[in-house]
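Engineer:
2 protein chains.
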Amino acid sequence: MTDREINAEVDIQDHEAGPEEMVSVDPLEEGLSDPVRDLEELVESGDFEALDRFISVLHPADLAVLFSLLSKGHWPQVVSRLSIARVSDLMAELPDHLRDDLAEHLKPDQLTEAIEEMASDDAADVLADLPEPLARDLIEALPEEDRLEVETLLKYPEDSAGGLMQVELVSVPETATVDQTIDAVRANAEEVSTFHFVYVIDDEQRLVGVLNLGALLLAPPDRPISELVKRNVHVVNPEVDQENVAQMFQRYDLVALPVVDDRGRLLGRILHDDAADVLEEEAEEDIMRMAGATTHEPELVYTDQVLKIAGVRLPWLLATLAGLTIPALLVWAFQISFPEMIALVPFIPVIGAMGGNVGSQSSTIVVRGFATGRVDFHNLGGFLFKELIISTLMGIACGVLSGVVAIVWHGDPMLSLTVAVSMVVAIIASALMGVLVPYFFRLVKIDPAIAAGPLVTTIDDIIAIGIYYVVALALIS
Amino acid sequence: MTDREINAEVDIQDHEAGPEEMVSVDPLEEGLSDPVRDLEELVESGDFEALDRFISVLHPADLAVLFSLLSKGHWPQVVSRLSIARVSDLMAELPDHLRDDLAEHLKPDQLTEAIEEMASDDAADVLADLPEPLARDLIEALPEEDRLEVETLLKYPEDSAGGLMQVELVSVPETATVDQTIDAVRANAEEVSTFHFVYVIDDEQRLVGVLNLGALLLAPPDRPISELVKRNVHVVNPEVDQENVAQMFQRYDLVALPVVDDRGRLLGRILHDDAADVLEEEAEEDIMRMAGATTHEPELVYTDQVLKIAGVRLPWLLATLAGLTIPALLVWAFQISFPEMIALVPFIPVIGAMGGNVGSQSSTIVVRGFATGRVDFHNLGGFLFKELIISTLMGIACGVLSGVVAIVWHGDPMLSLTVAVSMVVAIIASALMGVLVPYFFRLVKIDPAIAAGPLVTTIDDIIAIGIYYVVALALIS
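Line order of the protein sequences matches chains A and B.
Position one of the first sequence corresponds to residue 1 (full-length UniProt numbering), numbered consecutively onward.
Position one of the second sequence corresponds to residue 1 (full-length UniProt numbering), numbered consecutively onward.
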């Protein structure tokens, strides 16, 4: 099993580009020609030589982008022009929901070969996404060693450190010398084509430390590596959540992170680009959840599966619709309680929306603070107090302004006072809710990102209108 | 100028930790003891030996987190215990708004030395953040070579490829052999302590390609590097926006990216961890903008500067408050136009909020699609059509439901029909607006993330209520 994906990191010669490609090709950049259309025209023209030339200069990641934009009808011709190595790269780069489609265009033995070519982590990811019976058959067809690797990796949850790691790495015993280590690197060069470190292990497979290639390059051949090894390195257990892994890469600027079991034995390594993907995926999930758009598959909303997309978005809408019966009832209560004060009613949506807006600001700040480690239970008290001051300042500004509008509009001081006081109280209450609700969700182990979504905005909306009703009852009736 | 920050990537021995630190210390992880309190107690106890021990095992990134949580009163004692190298690391890791505070605790020559220790990109970043006269003095005090480097880097906008790059790198002429290259690496080992590649240049300083260290390690000493060099590498111009740079790292799984001028001459290199920071920063900015919380300094909302924070959040609130006068007027219009149909009024906030919710879903999907390259002008038509189908499905579901509630509540078929039809039309209109507004903002070069914020939600709110009013006029009067 060669290591094509991480190969891409340092070696883009494997896509046979000419020197004219020294400047990055971005097929999606505006202003350039439209590469999707170009590709479609080439397929339709049947000029396979030109098609091959066009495909051969593309980085696998660019090829994957083109495939995701290419109409499905053109897929078979393009797929038929790809080498197994290119199919393997393409499959590793494609978004999850398109891997299935690509697999359908391949014969079983092509598919097996493509998976064999992948790094172990990509192979496991692809197999986890394919339909169960097909995946089973493919695993059975893999050579013994690859099969064991993939089966080991598939045991870990996809969103854990174990699910991110790959087993390909170079390790040497701590008793080795520099030239023995270089021999080990040479012996594994085919298998592990990119390595930032050589891992040093003791006689029980426990990680002792890492050797960086620069140190190896500069050291005399007979030097014992025990004098070069860096012993204090970050490690991670395979059970750790992928979000924590990504945060470690981010905080400590890591390139690669060894994965060890409870007894310190080296199991594999995680590479920086996979950690960066997690970071993006998690930010994406949070954002989508905040918009009430989806939960676990941010990719989905960019596909053509309209029914599935509606299925993911509609529950949020129905939930807020249900919640909105309360504001509707409150408006009705206003109309019944203050039949001669119809001027009170137009301010209801204003106060409700402002509560929602402030609550959404506060909860977003807290939710993102959790995600990036800047907010914690440690500083809840301080955070609440700060939010109290900020929301009081903002509440007074908005309250005074709406009070002025109310008195100019209707000339009724009592109405104006009701509106102003309600606005101030509603904004403060919504801001504090915006802090407390995500904390509460985190405490009970629900993803706090939900707290920045439309559900909580609706709650803030209701609270704000409720406050308005209570203030109106107190001041006017 | 040594290269401490990127050093952290492979070498955490420079913070003198003992082997007990093999497992990552996360000072903010719940369940562990409270390291901020521990540090404060150590400072108050005056036990400097224990304080030194405590500090010495921390990674610079962890030390920076502790500093950002530590009360300012305790800073001087802790700063006084740090070596210049540690101060340098800490300053590079601290969030922008705290660098100033740290600088105040240092003597000018300490500050100069700390900046000298930094990688050129960090030095330029720190100097750009310090007050102008202080920064000028510090630059003047730097050794000639460092001064020129920093001045060169400061010419590039902070958010460009030039602003991200560092000038430290190892380059060799294309005529060199492997052992000459290793000598060049050795000569630069102090200056450039981490390198993933050696850059190969021609006699006019133009980049020819890269050598990876693994290839150097395995090749015989007398081999010409022209046989090993990888000639097709991604490069970037210094003027390119940092967001595009980060997307290149993400798409092509890069570790380092050479920066070249228009004539292909090598200027510097960008490292993956700085690109990852950009990715996080940009996602953060988008999220905050979507919540109407801030624009360019996502960090700010986590500081104690309540006045500044209120200043950043209030404009959004005031803008939506101004926008909300329109729904208020529309409610008033309902009350005037349909004096005997007060049952129409409670549905106003419901329809308005649903419009806002759907619009927020759509615009978030489009805005994030822009940011990650999955949506483009190329597929506007398809995207709009898809959104039309999805929103029609969701609109019918919500419309039928609210129509049923209306007829159960008031038994009036005309009211029920008005509510149902308005809901369907409002949801479709808001969804399409949610797609078109970000496209429009992008077309006129305004950050489309604003389109997913409260301003556009308010517009959707208004449109939805307007539709309700028009439908009511058509069906009822």
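We put the CB at the ideal spot given by N, CA and C, even for glycine.
In this text, all values refer to a predicted model and were calculated from it rather than measured experimentally.
#1: Can you list the residues of chain B that A:V36 reaches, using a CB-CB cut of under 8 Å?
#2: Sort out for me which residues DSSP pairs A:S160 with in a bridge.
#3: With H, G and I counted as helix, E and B as strand and the rest as coil, what does DSSP make of A:S171?
#4: Where does A:V25 sit, in a helix, a strand or coil, going by DSSP?
#5: Decide if A:K155 is buried, meaning its Cβ has at least 16 other Cβ atoms within 10 Å, or exposed.
#6: How long is the line joining the alpha carbons of A:L38 and B:G162, rounded to whole angstroms?
#7: A:E284 CB to nearest chain B CB: under 9 Å?
#8: Would you call A:F48 buried or exposed, if buried means 16 or more other Cβ atoms sit within 10 Å of its Cβ?
#9: Given that a residue counts as buried once 16 or more other Cβ atoms are within 10 Å of its Cβ, and exposed if not, what is B:V23?
#10: Quick check: B:V200 and B:G214, are their CB atoms within less than 9 Å of each other?
#11: I think A:L256 touches A:L271, with their Cβ atoms under 8 Å apart; what is that distance to the nearest whole Å?
#12: Classify B:L127 as buried or exposed, calling it buried when 16 or more other Cβ atoms lie within 10 Å of its own Cβ.
#13: Determine the chain A residues that contact B:T364 at a beta-carbon separation under 8 Å, and present them in chain order.
#14: When Cβ atoms are compared, which residues of the segment 337–370 of chain B fall closer than 7 Å to chain A?
#15: With a threshold of 9 Å between beta-carbons, can A:Q335 be considered close to chain B, or not?
#16: Buried or exposed for A:A474, please, with buried defined as at least 16 other CB atoms from any protein chain shown within 10 angstroms of its CB.
#17: Quick check on B:A246: does DSSP put it in helix, strand or coil?
#18: Can B:S416 and B:H410 be called in contact, C-beta distance under 9 Å?
#19: By the DSSP assignment, the beta strand (DSSP E) with B:Y302 in it spans what residues?
#20: In angstroms, rounded to a whole number, what distance separates the CA positions of B:K317 and B:A246?
#21: Please state whether DSSP places B:Q205 in a helix, a strand or coil.
#22: Is B:S360 closer than 9 Å to residue 480 of chain A when the C-beta atoms are compared?
#23: Starting from A:R37 and walking both ways along the alpha helix (DSSP H), at which residues does that stretch end?
#24: To the nearest whole angstrom, what separates the beta carbons of B:D129 and B:D241, a pair I think is in contact under 8 Å?
#25: Flag B:T325 as yes if its beta-carbon sits less than 9 Å from any beta-carbon of chain A, otherwise no.
#26: Less than 8 Å between the CB atoms is what I'm expecting for B:S391 and B:I428, so what's the real figure, rounded?
#27: I need the straight-line Cα distance from A:M341 to A:P413, nearest angstrom please.
#28: Would A:L384 count as contacting chain B if we go by Cβ distances under 9 Å?
#29: Could you please tell me which residues of the segment 78–104 of chain B, in chain order, have their CB closer than 7 Å to any CB of chain A?
#30: Is the CB-CB distance between B:L384 and B:V435 below 9 Å?
#31: Count the other CB atoms, across all protein chains shown, that sit within 10 Å of the CB of B:G268; report buried if there are 16 or more and exposed otherwise.
#32: For the segment 209–243 of chain B, which residues have a beta carbon sitting closer than 8 Å to at least one beta carbon of chain A?
#33: Using a Cβ-Cβ cut-off of less than 7 Å, list which residues of the segment 255–279 of chain A approach chain B; keep chain order.
#34: How do the segment 94–114 of chain B and the segment 132–149 of chain B stand: do at least 3 beta-carbon pairs fall below 8 Å, yes or no?
#35: Kindly list, in the order they appear in chain B, the residues whose Cβ is closer than 7 Å to that of A:W75.
#36: Between which two residues does the alpha helix (DSSP H) holding A:P60 run?
Structural biologist: This is what the structure gives:
#1: Mapped onto the first sequence, residue 36 of chain A falls at position 36. Neighbours of A:V36 on chain B, chain order: H378.
#2: Along the first sequence, one-based indexing puts residue 160 of chain A at 160. Looking at the DSSP output, A:S160 sits in a beta bridge with A:D241.
#3: Here the question's residue 171 of chain A lines up with position 171 in the first sequence. Strand at A:S171.
#4: For the purposes of this step, residue 25 of chain A is taken as the residue at position 25 of the first sequence. Below a pLDDT of 50, predicted positions are generally treated as unreliable, and A:V25, at 40, falls in that range; the measurement from the model is reported next regardless. Residue state, collapsed to three classes: coil.
#5: For this step, residue 155 of chain A is matched to residue 155 along the first sequence. Result: exposed.
#6: Counting from one through the first sequence, the residue named residue 38 of chain A turns up at place 38. Counting from one through the second sequence, the residue named residue 162 of chain B turns up at place 162. In the sequence on display, residue 38 of chain A carries Asp and not Leu. Approximately 33 Å, taken between the alpha carbons.
#7: Here residue 284 of chain A refers to the residue found at position 284 when the first sequence is read from its first residue. Yes, A:E284 counts as interfacial toward chain B.
#8: Locating residue 48 of chain A in the first sequence gives position 48, counting from the first residue. By the neighbour-count criterion, in which a residue is buried when 16 or more other Cβ atoms sit within 10 angstroms of its Cβ, A:F48 is exposed.
#9: Residue mapping note: residue 23 of chain B aligns to position 23 of the second sequence, counting from 1. Unreliable placement is indicated for B:V23, whose pLDDT of 37 sits below 50; the coordinate value is still reported in the next sentence. By the neighbour-count criterion, in which 16 or more other beta carbons inside 10 Å mark a residue as buried, B:V23 falls on the exposed side.
#10: Against the second sequence, residue 200 of chain B aligns to sequence position 200. Against the second sequence, residue 214 of chain B aligns to sequence position 214. Contact: no.
#11: On the first sequence, position 256 is the one that residue 256 of chain A refers to. On the first sequence, position 271 is the one that residue 271 of chain A refers to. Inspection of the sequence shows that residue 256 of chain A is occupied by Ala rather than by Leu. Taking C-beta atoms under 8 Å as the contact rule, A:A256 and A:L271 qualify, at a distance of about 5 Å.
#12: Within the second sequence, residue 127 of chain B is the residue found at index 127, counting from 1. Buried, because 16 or more other Cβ atoms sit within 10 Å of the Cβ of B:L127.
#13: Residue numbering aside, residue 364 of chain B sits at position 364 when the second sequence is read from its first letter. Neighbours of B:T364 on chain A, chain order: I287, M288, M290, A291 and A293.
#14: Answer set for the segment 337–370 of chain B: I342, V345, P346, F347, I348, P349, V350, G352, A353, M354, N357, V358, S360, Q361, T364, I365, R368 and G369.
#15: Your numbering for residue 335 of chain A matches position 335 in the first sequence. Closer than 9 Å to some Cβ of chain B, the Cβ of A:Q335 qualifies, so yes.
#16: Within the first sequence, numbered from 1, the residue matching residue 474 of chain A stands at position 474. Residue burial annotation: A:A474 is exposed, with fewer than 16 other C-beta atoms found within 10 angstroms of its C-beta.
#17: Here the question's residue 246 of chain B lines up with position 246 in the second sequence. DSSP places B:A246 in helix when its eight states are reduced to three.
#18: One-based indexing of the second sequence puts residue 416 of chain B at position 416. One-based indexing of the second sequence puts residue 410 of chain B at position 410. Contact: yes.
#19: In the second sequence, counting from the first residue as 1, residue 302 of chain B sits at position 302. In the DSSP assignment, B:Y302 falls outside any beta strand (DSSP E), carrying neither H nor E.
#20: Here residue 317 of chain B refers to the residue found at position 317 of the second sequence. Here residue 246 of chain B refers to the residue found at position 246 of the second sequence. Going by the sequence as given, residue 317 of chain B is Leu instead of Lys. Going from the Cα of B:L317 to the Cα of B:A246 covers about 32 Å.
#21: As a working mapping, residue 205 of chain B is identified with position 205 in the second sequence. In this structure, B:Q205 counts as coil in the three-state DSSP scheme.
#22: The question about residue 480 of chain A has no answer here: the residues shown for chain A are numbered 1 through 477.
#23: For the purposes of this step, residue 37 of chain A is identified with residue 37 of the first sequence, where counting begins at 1. P35 to S45 is the span of the alpha helix (DSSP H), which, as asked, contains A:R37.
#24: As a working note, residue 129 of chain B is residue 129 in the second sequence. As a working note, residue 241 of chain B is residue 241 in the second sequence. No, B:D129 and B:D241 are not in contact; Cβ-Cβ is about 20 Å, not under 8 Å.
#25: By one-based count along the second sequence, residue 325 of chain B stands at place 325. Closer than 9 Å to the CB of B:T325 there is at least one CB belonging to chain A.
#26: Locating residue 391 of chain B in the second sequence gives position 391, where the first residue counts as 1. Locating residue 428 of chain B in the second sequence gives position 428, where the first residue counts as 1. Right, the Cβ-Cβ distance comes to about 5 Å (below 8 Å), so this counts as a contact.
#27: For the purposes of this step, residue 341 of chain A is taken as residue 341 along the first sequence, with counting starting at 1. For the purposes of this step, residue 413 of chain A is taken as residue 413 along the first sequence, with counting starting at 1. A straight line joining the alpha-carbon of A:M341 with that of A:P413 spans about 13 Å.
#28: Here residue 384 of chain A refers to the residue found at position 384 of the first sequence. Output row for A:L384: interface = no.
#29: Listed by position, the residues of the segment 78–104 of chain B near chain A (Cβ gap below 7 Å) amount to none.
#30: Indexing the second sequence from 1 puts residue 384 of chain B at position 384. Indexing the second sequence from 1 puts residue 435 of chain B at position 435. The answer is yes: Cβ separation under 9 Å.
#31: As a position in the second sequence, residue 268 of chain B is number 268, starting the count at 1. Looking at its Cβ environment, which holds 16 or more other Cβ atoms inside 10 Å, B:G268 is buried.
#32: The segment 209–243 of chain B vs chain A, Cβ under 8 Å: V210, N212, L213, G214, L216, L217, L218, K230, R231, N232, V233, H234, V235 and V236.
#33: Correct list: V255, H272, D273, A276 and L279.
#34: Taking a contact to require three or more Cβ pairs closer than 8 Å, the segment 94–114 of chain B and the segment 132–149 of chain B qualify as touching.
#35: Mapped onto the first sequence, residue 75 of chain A falls at position 75. By Cβ distance, chain B contributes nothing, its closest Cβ being about 17 Å from A:W75, past 7 Å.
#36: Reading the first sequence from its first residue, position 60 is the one you call residue 60 of chain A. Counting along the chain, the alpha helix (DSSP H) containing A:P60 begins and ends at P60 to L69.
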